[in-house]
Amino acid sequence: MDLVLPLLHSLPADRVPACGETTSRPAASALRPYVVGYAGFRTVVDGHLRRRILPITVTTVIVDFAGPGSWITGPRSGHHVHELADWRYGVAIGLTPAGVSALLGVPLPELVGATVSPSTLLGRRAGELADRLGSAPDWPARFAVLDDLLATWLVTGRAVDDAATRAWWQLQRPGRTVGAVAGGLGIGRRGLELAFRRRIGMSPGTVARVARFQRAAHRLGRPGAALALATDHGYADQPHFSREVRALTGVTPGELFAFLQDLRRPAH
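Anchor point for the sequence shown: position 11 equals 11 in the UniProt record's numbering, and the numbering is continuous, going up by one each time.
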């Protein structure tokens with residue numbers, strides 16, 4: 001049930017040379033029904049940095065262990081610019097629909113498009129998480145802390161393995177249409193739409209659209225990547241890809257490509 005990592009939560013809204021570093025790792029195998037994985041980040045510019053928050057299908061827990069920038073952001077289908085993005089040095093944790101139930105204990109539709117403080121949903125655990133991550137010596141140690149700590153927090157009885165959850169996973173992968181996924185689950189397209197409204201808070205078509213963008217963005221961030229990859233990810237042609245990138249991010253494919261190439265460097 002793996003997703004392509006790293007998922008793209010946000011980008012600098014302005015082009016700043018050498019503005020940051022990232023590294024990522026999938027969660028431990030036992031956690032993957034609930035936790036997609038982890039991304040370590042560090043911002044190395046002075047002053048405040050505006051960020052462009054992008055569409056994503058997972059809930060993201062941002063833990064900033066060097067400042068006040070810890071947040072939980074829900075899945076979303078649109079983009080916006082965060083003028084005072086104060087997360088600087090920390091870890092982002094990607095949660096699946098089952099992970100939101102098992103770790104946060106809230107219905108996923110309540111988080112769609114929302115931004116909340118971790119303490120609101122995690123209580124004292126938010127401080128414990130930041131303290132333990134901040135005291136770990138390096139990224140592998142921090143990711144190991146997350147594997148251990150999140151495993152102890154799981155309340156698996158809260159997680160629901162229903163048709164919407166199974167369809168959500170299938171729609172993260174290339175070549176899956178909403179109709180085919182619904183048919184494979186034996187519930188019909190209208191039934192899947194209703195299940196997503198209750199369980200996910202986004203339509204299956206929107207989830208598929210955002211997942212397709214995330215797969216394309218991952219490819220664009222690879223070393224040696226090229227822009228001419230539209231049909232590899234289910235876009236009809238390059239103009240279709242260009243329209244989708246503009247609609248979902250507010251920037252051109254060329255601008256997105258430049259930002260992604262800037263960011264894909266290992267953190268130390």
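Yeah, the Cβ is synthetic: ideal placement off N, Cα and C, and Gly gets one too.
Just so we're clear, the structure is a prediction, and the values are computed from it rather than from any experiment.
Beta-bridge partners of residue i, as assigned by DSSP
| i | result |
| --- | --- |
| Ile56 | Arg76 |
| Arg25 | Tyr38 |
| Ala92 | Ala39, Ile62 |
| Thr115 | Thr73 |
| Val81 | Arg52 |
Cutoff 6 Å; reference residue i; Cβ partners in own chain excluding five residues on either side
| i | result |
| --- | --- |
| Asp232 | none |
| Ser117 | none |
Beta-carbon gap between residue i and residue j smaller than 8 Å
| i | j | result |
| --- | --- | --- |
| Gly201 | Pro109 | yes |
| Pro97 | Ser77 | no |
| Gly134 | Phe65 | yes |
| Ala30 | Ala164 | no |
| Thr22 | Arg88 | no |
| Ala130 | Val63 | yes |
| Val36 | Leu8 | no |
| Trp71 | Thr115 | yes |
| His82 | Leu248 | no |
Simplified DSSP state of residue i, which is helix, strand or coil
| i | result |
| --- | --- |
| Arg42 | strand |
| His233 | helix |
| His48 | coil |
| Ala208 | helix |
| Leu7 | coil |
| His268 | A caution first: His268 carries a pLDDT of 44, below 50, which makes its placement in the model too unreliable to give a value. |
| Arg215 | helix |
Delimiting residues of the alpha helix (DSSP H) encompassing residue i
| i | result |
| --- | --- |
| Leu185 | 178-185 |
| Pro239 | 238-249 |
| Asp148 | 139-153 |
| Leu194 | 189-199 |
| Ser135 | 124-135 |
| Arg173 | That residue, Arg173, is in no alpha helix (DSSP H); it is neither H nor E in DSSP. |
Terminal residues of the beta strand (DSSP E) in which residue i lies
| i | result |
| --- | --- |
| Gly101 | Here residue 101 turns out to be Ser, not Gly, going by the sequence shown. Here Ser101 belongs to no beta strand (DSSP E), and DSSP marks it neither H nor E. |
| Leu11 | 10-12 |
Chain-order list of residues whose beta-carbon lies under 7 Å from that of residue i (same chain, five-residue window excluded)
| i | result |
| --- | --- |
| Trp153 | Leu103, Arg125 |
| Val58 | Leu7, Val36, Pro75, Gly94, Leu95, Thr96 |
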